[in-house]
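Comments concern the structure below.
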Amino acid sequence: MLIILCASWGLQQISIKIAVQSIAPALQGGIRSIGAAILLYLWMVARREKIDHHDGTFWWGMAVGLFFSIEFLLIYWGLEFTSASRSVIFLYTMPFFTAVGAHWFVSGESLRKAQLTGLCCAFLGMVTAFSESIGKPQSLMLVGDTMLLLAAVFWAAATIMVKASPLSRIRASRVLLYQLVVSAVVLPLGAVLLGQTEITNVTPLVLGCIAYQIIWVAFITYLAWFWLIRNYPASKLSAFLFLTPLFGVLEGIILLDEQITYRLLTALAMVCIGIYVVNRTPGSNLSEPTTLPAGRD
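Heads up: the sequence shown is residues 264 to 560, going by the working numbering.
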């Protein structure tokens with residue numbers, strides 16, 4: 264399931280690049296959150312899921328939703344100052360922040376040396392994949408790099424908060440609903456503040472890209488991601504996220520007829536080795552989910 268999610272998120276970067284020719288990136292994020300929030304709410308109603316805000320999770324949900332919104336605002340804003348390849352490297356420092364945060368705040372998720380080694384190997388593999396297109400940073404690039412690094416921090420903070428707070432005891436659908444509803448308000452406001460509100464020359468391909476982001480990415484894959492967070496160790500899950508940018512490159516080769524290189528193949532091998540080391544640390548096993556209380560999904 265994680266590999267499918269990473270492949271889907273890698274393809275999302277291509278869909279954003281296609282749609283950005285007609286719809287500004289921050290506005291895309293707002294449209295995505297609004298559409299996915301509506302779909303998720305209708306899905307919960309169809310399943311007769313209760314939306315109870317008196318179980319002690321409301322403010323935790325608002326906080327996670329705010330972190331989620333800030334993360335995407337920083338990503339969209341930061342891309343105005345730095346290159347896409349540099350942004351990927353800084354954004355995908357997230358597993359390191361997640362591993363450290365889980366070590367301190369999540370019971371039973373201590374950070375071992377072998378696990379840290381695996382994370383470093385996977386990250387170096389990703390850097391290898393993008394090193395050809397990284398030039399000398401300029402002053403504005405450093406601003407964008409800092410924004411993407413902060414986005415990684417907020418992404419990790421949201422992940423840890425879901426795992427360590429009362430949100431871990433509720434359904435994944437409610438956890439996601441909190442984030443989509445908050446971001447459905449914050450992201451459009453951010454698009455206005457950033458001046459990213461233009462919509463021009465909308466084609467069927469652009470509409471398809473937006474539909475992909477709303478239905479598959481923000482609704483289905485995010486729901487699956489929060490279910491995984493609730494049931495498995497966060498630090499081990501986050502190691503797989505290093506596959507996402509590499510999938511983006513591979514999908515670019517397939518869909519955009521870009522060239523494959525030995526450096527990319529080397530990077531993919533390093534990422535796979537790193538993920539294997541993280542998830543084969545003695546004393547833990549990703550294939551064994553956490554036991555859930557009776558009556559939970």
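We put the CB at the ideal spot given by N, CA and C, even for glycine.
- Have a look at SER436 and LYS313 and give me their C-alpha separation to the nearest angstrom. 11 angstroms
- Query: How long is the line joining the alpha carbons of LEU268 and LEU504, rounded to whole angstroms?
  - Reply: 9 angstroms
- Item | Opposing strand residues paired with ILE286 [DSSP bridges] | ILE286 is bridged to ILE462.
- Residue burial classification, GLN291 (beta-carbon count within 10 angstroms, cutoff 16): buried
- Is the region 266-280 in contact with the region 466-478, if contact means three or more CB pairs nearer than 8 angstroms? yes
- Query: So GLY273 and GLY511 are in contact, right, with Cβ under 8 angstroms, and what is the actual spacing, rounded?
  - Reply: 4 angstroms
- Item | Sequence-distant residues of the same chain with beta carbon closer than 6 angstroms to ILE537, five excluded per side | Before going further, note that residue 537 is Gly rather than Ile in the sequence given. Correct list, in chain order: GLY381, CYS384 and ALA385.
- Do you know how far the Cα of GLY293 is from the Cα of LEU450? 5 angstroms
- Item | Nearest neighbour of THR460, chosen from ALA289, VAL480, LEU439 and ALA282 [CA to CA] | Among ALA289, VAL480, LEU439 and ALA282, the Cα nearest to that of THR460 is on ALA289.
- Task: Rounded to whole angstroms, what's the CA-CA distance from TRP488 to LEU265? Just pull it up for me.
- Result: Distance from the CA atom of TRP488 to the CA atom of LEU265, rounded to whole angstroms, is 8 angstroms.
- From ARG295 to CYS535, what does the alpha carbon distance come to, in whole angstroms? Going by the C-alpha atoms only, they are around 31 angstroms apart.
- Task: Helix, strand or coil for LEU379, going by three-state DSSP, please let me know.
- Result: helix
- Going by beta carbon distance, what residues of the same chain come within less than 8 angstroms of THR356, once the five residues before and after it are set aside? PHE386, LEU412 and ALA415
- Query: Residues in its own chain within less than 6 angstroms of SER501 by CB, not counting five upstream and five downstream?
  - Reply: PRO358 and THR361
- Query: Going by C-alpha distance, which of PRO429, LEU513, VAL541 and PRO467 is nearest LEU531?
  - Reply: LEU513
- Task: Using three-state DSSP, classify THR561 as helix, strand or coil.
- Result: Residue 561 lies beyond the residue range present for the chain, which begins at 264 and ends at 560; the question has no answer from this structure.
- Task: Please report the residue range of the alpha helix (DSSP H) in which TRP479 lies.
- Result: From DSSP, TRP479 is part of no alpha helix (DSSP H); its letter is neither H nor E.
- Query: Using DSSP with H/G/I as helix, E/B as strand and the rest coil, what is THR361?
  - Reply: Collapsing the DSSP output to three states places THR361 in a helix.
- Determine the extent of the alpha helix (DSSP H) in which ASP408 is found, giving its start and end residues. First-last of the alpha helix (DSSP H) with ASP408: 402-427.
- Query: Short check: CB of VAL480 to CB of SER350, under 8 angstroms?
  - Reply: Pairing VAL480 with SER350 gives a Cβ-Cβ distance that is not under 8 angstroms.
- Item | Which of helix, strand or coil DSSP assigns to SER280 | The sequence shown places Lys at residue 280, not Ser. Note: LYS280 maps to helix in three-state DSSP.
- Indicate the three-state DSSP secondary structure (helix, strand or coil) for GLU334 in the structure shown. helix
- Message: Let me check understanding here. Comparing Cα to Cα, which of LEU491, THR463 and LEU430 lies closest to ASP318?
- Response: Taking ASP318 as reference, the option from LEU491, THR463 and LEU430 with the minimal CA-CA separation is LEU430.
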